[in-house]
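Asks:
2 protein chains.
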Amino acid sequence: MTTVRIALDIRAYDIRIASGLLGAPDTFAAVASPKGTALIVTNTTVAPFYAARLEQSLRPHFARVLRCTLPDGEQYKTWETLDQIFTDLLRHQCDRKTTLFALGGGVIGDMTGFAAASYMRGVPFVQVPTTLLAQVDSSVGGKTAINHPLGKNMIGAFYQPRLVVADLSTLRTLPPRELSAGLAEVIKHAAIADVDFLAWLEAHIDALRAQDDAALAEAVARCCRIKAQVVAQDETETGLRAILNFGHTFGHAIEAGMGYGNWLHGEAVGAGMVLAADLSVRLGLLAPADAERLARLIARAGLPVRAPDLGAERWAEWMQVDKKAEGGEVRFVLLNGLGRPVLRAAPMTEAQASIAAHLQPSQPQAVPSA
Amino acid sequence: MTTVRIALDIRAYDIRIASGLLGAPDTFAAVASPKGTALIVTNTTVAPFYAARLEQSLRPHFARVLRCTLPDGEQYKTWETLDQIFTDLLRHQCDRKTTLFALGGGVIGDMTGFAAASYMRGVPFVQVPTTLLAQVDSSVGGKTAINHPLGKNMIGAFYQPRLVVADLSTLRTLPPRELSAGLAEVIKHAAIADVDFLAWLEAHIDALRAQDDAALAEAVARCCRIKAQVVAQDETETGLRAILNFGHTFGHAIEAGMGYGNWLHGEAVGAGMVLAADLSVRLGLLAPADAERLARLIARAGLPVRAPDLGAERWAEWMQVDKKAEGGEVRFVLLNGLGRPVLRAAPMTEAQASIAAHLQPSQPQAVPSA
């Protein structure tokens with residue numbers, strides 16, 4: 001088992017990475033609360049595979065183990081769904097000695113984390129990510145949120161879990177499209193922080209897509225270490241942490257503009273990184289060959305490298321609502337060479353040029369079969 | 001002007017107490033953000049009196065000053081109302097350089113604070129309390145929340161304001177019933193922490209009800225100092241801070257059992273303190289004469305000293321859902337002598353005996369005039 005420590009003063013915690021952790025009761029001994037309640041928050045897709053196994057592993061450590069099963073999908077990352085968690089907690093008279101367990105992908109992790117941050121002004125929670133994206137990114141660092149009709153992740157909290165358990169064996173039930181989406185965040189970590197890791201990914205991208213356990217363990221651990229270092233220096237994103245948003249200003253615009261859930265977050269980040277690298281080239285920061293190298297790896301990961309045609313106005317609108325917009329300027333995370341991220345305001349005309357250069361060929365309308 | 005400092009490490013802030021602060025632009029210089037937006041959150045009752053004045057005082061310090069006016073009342077302390085704040089923030093493309101100003105009573109302060117805690121995972125906020133209850137209690141200490149249909153203040157955050165501005169002149173528009181409700185929390189601070197202050201209150205209760213400025217300034221400052229000391233030692237209510245809930249376990253049950261908004265929070269706490277003092281006597285902690293002394297002061301403040309007849313089962317149910325219930329036991333803040341609070345689990349039978357001894361005479365049903 002690999003353990004990565006997130007060094008956050010009194011809120012420090014461990015990420016444990018290995019196959020089979022979910023079924024081992026020892027995994028959760030460190031967060032035991034023999035008089036307390038465990039509430040597993042999961043979704044209709046993940047529950048049939050793993051909820052019973054997690055329940056069994058938690059039972060020795062808690063007085064009660066309850067389950068709250070939510071509908072699956074980004075479109076349910078809303079207040080209404082979050083409120084189902086609160087209603088369950090209150091119906092079962094859960095007190096402050098309750099620990100929430102987020103069993104699922106990024107949506108479940110973000111919602112469970114925000115529920116834990118807000119229920120009675122804060123109860124403990126544990127991340128049990130079952131997607132690659134959640135294991136390498138969203139379960140680490142304490143960002144929690146729900147979407148608002150006017151913007152993604154606009155309502156949330158910085159709130160750290162007590163423990164993250166990344167059981168690699170849960171990735172076996174992950175659809176290939178979701179695995180690729182997770183690889184987008186893996187590539188992002190390499191692009192912003194570690195050129196050696198980028199070379200390693202070029203050598204192992206096929207093994208990762210084939211779910212080789214050793215390759216997965218290595219990739220998850222390296223990503224968590226990179227993210228841990230960044231988060232330890234800037235827990236609440238006042239500066240440095242923004243580099244983790246490489247590809248995300250374009251990506252969020254794609255997700256929002258296409259309607260949440262149509263593009264997976266990782267897919268939008270994949271295309272978003274291609275656009276951000278192109279913008280870096282346009283501003284004289286990155287060599288064209290390096291942008292091409294990155295785009296090639298993104299394509300090999302099974303991710304889109306072209307932008308949807310939202311129209312220039314809607315692109316601008318969605319990029320401006322992004323959280324990194326401050327005082328009206330849109331700031332992008334760009335690459336001043338591979339592995340060297342910079343946060344910089346860029347003219348909207350240049351950003352639009354990057355989009356225009358990477359537009360998807362327009363798709364023929366499907367003719368309804370009658 | 002009296003300034004009370006809340007010593008909370010990097011989140012330390014000042015409470016400024018005086019008449020006329022609202023109309024003085026200097027009051028807000030310390031939280032200026034010349035490129036940022038100020039959003040005043042207020043309600044339909046308070047806005048006509050004070051919103052324009054606050055806007056004028058903020059204009060020199062911010063690029064934009066916006067206003068969000070909510071309906072007035074505890075029954076609107078809900079997600080739906082909170083969401084109006086988020087929608088306004090997003091519609092106006094407010095970024096992280098936005099400061100929220102809570103202009104109103106406890107409900108506005110709690111909701112604005114939670115909105116500030118959650119919007120983009122946290123933006124600054126300032127409390128401008130316009131009720132006595134908010135000035136002596138809810139605006140200080142960083143507790144923010146909304147209600148859930150199954151429990152009061154169940155969803156929220158510990159989130160500190162950057163500044164609290166208690167303008168005593170705003171109390172002139174406060175209905176007498178609301179002033180009395182505020183006095184409940186004033187009496188609470190004396191009862192749990194300062195017998196001298198209790199004696200001072202006995203001598204000045206009539207001056208306070210008559211809105212004598214000097215008496216009000218003294219009472220607000222003393223309460224803030226007491227609360228500041230408690231909060232500085234236990235920001236997130238892991239122990240000591242619970243003493244601030246004296247009267248609140250009974251009080252919350254009254255509020256919830258009667259339907260939010262029918263009893264004012266302070267009225268419920270007034271009767272709740274009488275019950276908690278009685279329970280303290282029953283458990284041999286408090287002299288009967290001291291319980292009577294406290295009840296007399298509560299009555300002189302214009303507050304109820306009798307409990308509504310919810311029925312024993314509903315009383316038990318509402319007390320158990322209170323946040324201080326842990327592991328199934330109901331814990332009360334009791335008095336081990338005046339000024340000496342203790343947190344203790346009490347048998348439900350004893351709590352029910354205290355309620356039974358203080359039941360309101362049943363009210364004759366109103367006959368509809370036809």
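These protein sequence lines map, in sequence, to chains A and B.
Going by UniProt numbering, the first sequence wraps up at 370, each residue one higher than the last.
Going by UniProt numbering, the second sequence wraps up at 370, each residue one higher than the last.
Glycine included, every Cβ here is placed at the ideal spot set by N, Cα and C.
Since we're looking at a predicted model, the values are computed, not measured.
Would you kindly work out how many angstroms separate the C-alpha atoms of A244 (chain A) and V281 (chain A), rounded to a whole number?
Replies: For clarity, residue 244 (chain A) is Leu in the given sequence; the question names Ala instead. Cα to Cα, L244 (chain A) sits roughly 19 Å from V281 (chain A).
Asks: Using a C-beta cutoff of 7 Å, does F62 (chain A) count as contacting chain B?
Replies: False, the Cβ-Cβ gap to chain B never drops below 7 Å.
Asks: Run through the segment 200-282 of chain A for me and flag every whole alpha helix (DSSP H) of 4 or more residues, listed as ranges in chain order.
Replies: Entirely contained in the segment 200-282 of chain A, the alpha helix (DSSP H) runs reaching 4 residues are, in chain order, 213-233, 248-258, 265-282.
Asks: Hey, out of B:Y50, B:A345, B:G36, whose CA is closest to T249 (chain B)'s CA?
Replies: Checked all of B:Y50, B:A345, B:G36; the closest Cα to T249 (chain B) is B:A345.
Asks: Determine whether the Cβ of G151 (chain A) lies closer than 7 Å to any Cβ atom of chain B.
Replies: Yes, its Cβ sits closer than 7 Å to a Cβ of chain B.
Asks: Name the DSSP beta bridge partners of V330 (chain A), please?
Replies: None, per the DSSP bridge assignment.
Asks: Given that T99 (chain A) touches chain B, what residues does it touch there, using C-beta distances under 8 Å?
Replies: Those do not exist, as T99 (chain A) stays about 13 Å from chain B at its closest Cβ, beyond 8 Å.
Asks: Which of helix, strand or coil does DSSP assign to P34 (chain A)?
Replies: It is a strand residue.
Asks: Quick test of the definition: if touching needs 3 or more C-beta pairs under 8 Å, does the segment 227-238 of chain A touch the segment 23-36 of chain A?
Replies: No, they do not touch.
Asks: In chain B, what lies closer than 7 Å to Q320 (chain A) by C-beta?
Replies: Ordered by position in chain B, the residues that pass the 7 Å Cβ test against Q320 (chain A) are Q93.
Asks: Drop a sphere of 10 angstroms on the beta-carbon of M154 (chain A), count the other beta-carbons inside from all chains shown, and report buried for 16 or more, exposed for fewer.
Replies: By the neighbour-count rule (16 or more Cβ atoms within 10 Å), M154 (chain A) is buried.
Asks: Would a C-beta distance cut-off of 7 Å place F246 (chain B) and I205 (chain B) closer than the cut-off?
Replies: The answer is no: Cβ separation not under 7 Å.
Asks: Which chain B residues sit within Cβ distance under 8 Å of K143 (chain A)?
Replies: Here the neighbours are R121.
Asks: Put A127 (chain B) into one of helix, strand or coil per three-state DSSP.
Replies: Per the sequence presented here, residue 127 (chain B) reads as Gln, with Ala not at that position. DSSP places Q127 (chain B) in strand when its eight states are reduced to three.
Asks: Taking the C-alpha atoms as reference points, what is the distance between G272 (chain A) and K188 (chain A)?
Replies: For G272 (chain A) and K188 (chain A), the distance between alpha carbons rounds to 10 Å.
Asks: Looking at C-beta atoms only, is the number of pairs between the segment 5-19 of chain A and the segment 43-50 of chain A that lie closer than 8 Å three or more?
Replies: Output reads no: the segment 43-50 of chain A does not touch the segment 5-19 of chain A.
Asks: Can you grab the Cα-Cα spacing for the pair T3 (chain B) / Y159 (chain B), in whole Å?
Replies: Approximately 20 Å, taken between the alpha carbons.
Asks: Taking only beta-carbon positions, decide if H148 (chain B) is within less than 7 Å of chain A.
Replies: By this cut-off, H148 (chain B) is an interface position.
Asks: So, for S169 (chain A): in the same chain, excluding its five sequence neighbours on each side, which residues have a beta-carbon less than 7 Å away from its beta-carbon?
Replies: Hits under 7 Å: S19, G20.
Asks: Give me, in chain order, the residues of the same chain whose beta-carbon lies closer than 6 Å to that of R162 (chain B); leave out the 5 immediate sequence neighbours on both sides.
Replies: Excluding sequence neighbours, R162 (chain B) sits near Y13, V31, P124, V126.
Asks: Which residues in chain B have a C-beta closer than 9 Å to the C-beta of M348 (chain A)? List them in chain order.
Replies: Neighbours of M348 (chain A) on chain B: none; closest Cβ ~14 Å, over 9 Å.
Asks: Would you give the residue range spanned by the alpha helix (DSSP H) that L303 (chain A) belongs to?
Replies: Taken as a continuous stretch (DSSP letters only), L303 (chain A) belongs to no alpha helix (DSSP H), as it is neither H nor E.
Asks: Alpha carbon to alpha carbon, how far is D290 (chain A) from D278 (chain A)?
Replies: For D290 (chain A) and D278 (chain A), the distance between alpha carbons rounds to 10 Å.
Asks: For a test of the three-state rule: what should DSSP assign to R314 (chain A), helix, strand or coil?
Replies: Three-state DSSP puts R314 (chain A) in a helix.
Asks: Let me confirm a value: A268 (chain B) is counted as buried when at least 16 other C-beta atoms fall within 10 Å, else exposed. Which label applies?
Replies: Looking at its Cβ environment, which holds 16 or more other Cβ atoms inside 10 Å, A268 (chain B) is buried.
Asks: Measuring only the C-alpha atoms, how far is A210 (chain B) from S180 (chain B)?
Replies: Spanning the two alpha carbons is a distance of roughly 11 Å.
Asks: Helix, strand or coil, according to DSSP, for H189 (chain B) in the structure here?
Replies: Residue state, collapsed to three classes: helix.
Asks: Taking only three categories from DSSP, how would you classify T78 (chain B)?
Replies: Correct three-state label for T78 (chain B): coil.
Asks: Could you tell me if R177 (chain A) is buried or exposed, where buried requires 16 or more neighbouring beta carbons within 10 angstroms of its beta carbon?
Replies: Answer is exposed; the Cβ neighbour count stays below 16.
Asks: What residue ranges within the UniProt domain "3-dehydroquinate synthase N-terminal" (68-180) of chain B form continuous beta strand (DSSP E) runs of no fewer than 3 residues, ordered along the chain?
Replies: Qualifying beta strand (DSSP E) stretches, in chain order: 98-104, 125-129, 143-148, 151-158, 163-167.
Asks: Taking P48 (chain A) as part of the alpha helix (DSSP H), name the residues at either end of that continuous run.
Replies: That run of the alpha helix (DSSP H) goes 47-58.
Asks: Against L90 (chain B), what residues of chain A qualify as contacts under a CB-to-CB distance less than 8 Å, listed in chain order?
Replies: The contacting residues are H148, L150, G151, M154, V321.
Asks: Could you check if residue 371 (chain A) is buried or exposed, using at least 16 other CB atoms within 10 Å of its CB as the buried criterion?
Replies: Residue coverage of chain A in this structure runs from 1 to 370, which leaves residue 371 (chain A) outside it and unanswerable.
Asks: Report the neighbours of T78 (chain B) on chain A: residues whose CB is nearer than 7 Å to its CB, in chain order.
Replies: Simply none; closest approach about 11 Å.
Asks: Around the C-beta of K35 (chain B), are 16 or more other C-beta atoms found within 10 angstroms, so that it is buried, or is it exposed?
Replies: Under this definition K35 (chain B) is an exposed residue.
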